[in-house]
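Novice: Read in our numbering, the sequence shown has 5 at position 5, and its numbers run on one by one without any break.
Below: one structure in structure tokens.
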Amino acid sequence: MIEILHPTEVARARDTGALVADILETLKSRSTVGTNLLDIDRWAKTLIREAGARSCYVDYAPSFGRGPFGHHICTGVNDAVLHGRPHDYSLADGDLLTLDLAVIHSGVAADSAISFLVGDSRPSESLALIETTERALSAGIAAAVPGARIGDISYAIGSVLGAAGYPINTEFGGHGIGSTMHQDPHVANTGRPGRGYMLRPGLLLALEPWVMADTAELITDADGWTLRSATGCRAAHSEHTIAITDDGPQILTAPKQLQQ
Numbered sequence: 001m002i003e004i005l006h007p008t009e010v011a012r013a014r015d016t017g018a019l020v021a022d023i024l025e026t027l028k029s030r031s032t033v034g035t036n037l038l039d040i041d042r043w044a045k046t047l048i049r050e051a052g053a054r055s056c057y058v059d060y061a062p063s064f065g066r067g068p069f070g071h072h073i074c075t076g077v078n079d080a081v082l083h084g085r086p087h088d089y090s091l092a093d094g095d096l097l098t099l100d101l102a103v104i105h106s107g108v109a110a111d112s113a114i115s116f117l118v119g120d121s122r123p124s125e126s127l128a129l130i131e132t133t134e135r136a137l138s139a140g141i142a143a144a145v146p147g148a149r150i151g152d153i154s155y156a157i158g159s160v161l162g163a164a165g166y167p168i169n170t171e172f173g174g175h176g177i178g179s180t181m182h183q184d185p186h187v188a189n190t191g192r193p194g195r196g197y198m199l200r201p202g203l204l205l206a207l208e209p210w211v212m213a214d215t216a217e218l219i220t221d222a223d224g225w226t227l228r229s230a231t232g233c234r235a236a237h238s239e240h241t242i243a244i245t246d247d248g249p250q251i252l253t254a255p256k257q258l259q260q
């Protein structure tokens, strides 16, 4: 299903996106050396409920997962890049942490992910991973103009990831979003320009470039959810929900300091 939202729904999506951005920034500030992933999940639960919203993840049960996800946020550490299920682990200095949050508020969902380093250590490989996914996300957003096609976004993202030398997995990528978290169209992180669905005002997309340092192959943890690099290398993931408008793409999940 592809939803085209009414302008009033897009306005509500902006509010949901702002909420997601605020929660992620709060959780990032609290994620220090010694912080337990289960505490991050509990904080997310509290912040979501205080806002009168609900997590998209608690009851999330797609075909590739094992039963309902059962937590309020995805927490991936180091080689865990997607669907990281919170567990009893305390963050260490230099850990690469990915937080992926999707909530529904006033009937509209928003989805965003950030990757960052914990503590004072700054491994250069990890910084490069994060920076590349952020640049790829910016390139994908810039390509998301009315009349362009999904393939144009995929090509823009893939060009950045490929130029940096990272293998690209196309099994998981971006997606449409609206009254539910995951909708069509699928937005692969590489592709051919001029192909696929034509972008229209009112379409919401969650764009999410992610890479692993030396492989495109994923393995699944025993929890049935957490996806890790097959080689144990580190990974990073950046995501924003955007709205296609007559004036071009608008980022709905940008932190306040990045909003114009």
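The beta-carbon is built from N, C-alpha and C at its ideal position, and this holds for glycine as well.
(1) In this structure, how does DSSP classify Val271 when only helix, strand and coil are distinguished?
(2) Buried or exposed: where does Arg234 fall if 16 or more other Cβ atoms within 10 Å of its Cβ makes it buried?
(3) Here's a check: name, in chain order, each residue in its chain whose Cβ is nearer than 7 Å to the Cβ of Asp184, leaving out the five neighbours to either side.
(4) Could you spell out the range, first to last residue, of the beta strand (DSSP E) harbouring Gly162?
(5) Note down the Cα distance separating Asn36 from Asp88, rounded to an integer number of angstroms.
(6) Can you say whether Gly17 is buried or exposed, counting buried as having 16 or more other CB atoms within 10 angstroms of its CB?
(7) Using 8 Å as the Cβ pair cut-off and three pairs as the minimum, do the segment 114–133 and the segment 219–228 touch?
(8) Report the CB separation of Ala53 from Leu101 in whole angstroms; it is logged as a contact under 8 Å.
(9) For the alpha helix (DSSP H) containing Asp41, name the first residue and the last one.
(10) Looking at the structure shown, is Ile130 part of a helix, part of a strand, or coil, going by DSSP?
(11) Going by beta-carbon coordinates alone, are Gly158 and Thr133 separated by less than 8 Å?
(12) Can you check DSSP and say which residues form a bridge with Asp271?
(13) Using a Cβ distance threshold of 8 Å, determine whether the segment 237–253 contacts the segment 201–210, with at least three qualifying pairs required.
(14) I'd like to know if Ala18 contacts chain B, where contact means its C-beta is closer than 8 Å to some C-beta of that chain.
(15) Going by Cα to Cα distance, which pick from Leu252, Pro86, Leu19 and Ser138 is closest to Leu161?
(16) Could you name the residues that DSSP lists as bridge partners for Val211?
(17) Would DSSP call Ile141 helix, strand or coil?
(18) Less than 8 Å between the CB atoms is what I'm expecting for His105 and Asp15, so what's the real figure, rounded?
(19) With 16 as the cutoff for other CB atoms within 10 Å, does Ala243 come out buried or exposed?
(20) So within the segment 162–188, which uninterrupted beta strand (DSSP E) runs reach at least 3 residues, ignoring any that extend past its ends?
(21) Measuring straight from C-alpha to C-alpha, what distance separates Ile114 and Asp22?
(22) In the DSSP output, what is Ile219 paired with across the bridge?
(23) Take Gly34 as the anchor and find which of Pro68, Leu82, Leu97 and His83 has the nearest alpha-carbon.
(24) Of all the options Asp79, His83 and Ile73, which has the alpha carbon lying nearest to the alpha carbon of Gly65?
(25) Can you name, in chain order, every residue of its own chain whose Cβ lies under 6 Å from the Cβ of Trp225, other than the five neighbours on each side?
(26) Identify whether Gly76 lies in helix, strand or coil by the three-state DSSP scheme.
(27) For Val108 and Thr32, I'd like the C-alpha separation in whole angstroms.
Specialist: Looking at the atomic coordinates:
(1) Any answer about residue 271 is impossible in this case: the structure gives the chain only from 1 up to 260.
(2) Taking the first residue of the sequence shown as position 1, residue 234 is located at position 234. Buried, by the Cβ-count rule.
(3) On the sequence shown, position 184 is the one that residue 184 refers to. The answer, listed in chain order, is Met1, Ile2 and Gly176.
(4) Numbered from 1 along the sequence shown, position 162 holds the residue referred to as residue 162. Membership of Gly162 in any beta strand (DSSP E) is not indicated; the residue belongs instead to the alpha helix (DSSP H) covering Ile150 to Ala163.
(5) Here the question's residue 36 lines up with position 36 in the sequence shown. Here the question's residue 88 lines up with position 88 in the sequence shown. Pairing Asn36 with Asp88, the inter-Cα distance amounts to about 6 Å.
(6) Along the sequence shown, read from residue 1 onward, the residue named residue 17 stands at position 17. The C-beta of Gly17 has 16 or more other C-beta atoms within 10 Å across all chains shown, which makes the residue buried.
(7) With a cut-off of 8 Å, the segment 219–228 and the segment 114–133 do not count as touching, because too few Cβ pairs lie within range.
(8) Position 53 of the sequence shown, counting from 1, holds the residue named residue 53. Position 101 of the sequence shown, counting from 1, holds the residue named residue 101. By a beta-carbon distance limit of 8 Å, Ala53 does not contact Leu101. Their separation comes to about 10 Å.
(9) Taking the sequence shown and counting its residues from 1, the one referred to as residue 41 is at position 41. Asp41: member of the alpha helix (DSSP H) spanning Leu37 to Glu50, first to last residue.
(10) Here residue 130 refers to the residue found at position 130 when the sequence shown is read from its first residue. Collapsing the DSSP output to three states places Ile130 in a helix.
(11) Taking the sequence shown and counting its residues from 1, the one referred to as residue 158 is at position 158. Taking the sequence shown and counting its residues from 1, the one referred to as residue 133 is at position 133. Cβ distance not < 8 Å, so Gly158 and Thr133 don't count as in contact.
(12) Absent from the model: residue 271. The displayed extent of the chain is 1 to 260, so no value can be given.
(13) In this structure the segment 237–253 touches the segment 201–210; the number of beta carbon pairs closer than 8 Å is three or more.
(14) Protein chains in the displayed structure number just one, and chain B is not present.
(15) For the purposes of this step, residue 161 is taken as the residue at position 161 of the sequence shown. In terms of CA proximity to Leu161, Ser138 leads the group Leu252, Pro86, Leu19 and Ser138.
(16) Position 211 of the sequence shown, counting from 1, holds the residue named residue 211. In the DSSP assignment, Val211 forms a beta bridge with Ala236.
(17) Sequence index remark: in the sequence shown, residue 141 carries index 141 (1-based). In the structure shown, Ile141 sits in a helix (DSSP, three-state: H, G or I).
(18) Translated into the one-based positions of the sequence shown, residue 105 becomes position 105. Translated into the one-based positions of the sequence shown, residue 15 becomes position 15. Yes, His105 and Asp15 are in contact; Cβ-Cβ is about 7 Å, under 8 Å.
(19) Position 243 of the sequence shown holds residue 243. Here Ala243 is buried: its Cβ has 16 or more other Cβ atoms, across all protein chains shown, within 10 Å.
(20) Counting only runs of 3 or more, we get 174–176 and 183–187.
(21) In the sequence shown, the residue the question calls residue 114 occupies position 114. In the sequence shown, the residue the question calls residue 22 occupies position 22. The C-alpha of Asp22 is placed about 12 Å away from the C-alpha of Ile114.
(22) Start at 1 with the first residue of the sequence shown, and residue 219 comes out as number 219. DSSP lists Arg228 as partners of Ile219.
(23) In the sequence shown, counting from the first residue as 1, residue 34 sits at position 34. Residue Leu97 is the option with its Cα nearest to Gly34.
(24) Within the sequence shown, the letter at position 65 stands for residue 65. Among Asp79, His83 and Ile73, the Cα nearest to that of Gly65 is on His83.
(25) Taking the first residue of the sequence shown as 1, we reach residue 225 at position 225. By the criterion of a C-beta distance shorter than 6 Å, Trp225 is surrounded in its chain by Gly65, His83 and Arg85, once the five residues flanking it on both sides are discounted.
(26) Within the sequence shown, numbered from 1, the residue matching residue 76 stands at position 76. It is a strand residue.
(27) Along the sequence shown, one-based indexing puts residue 108 at 108. Along the sequence shown, one-based indexing puts residue 32 at 32. One C-alpha to the other measures close to 31 Å.
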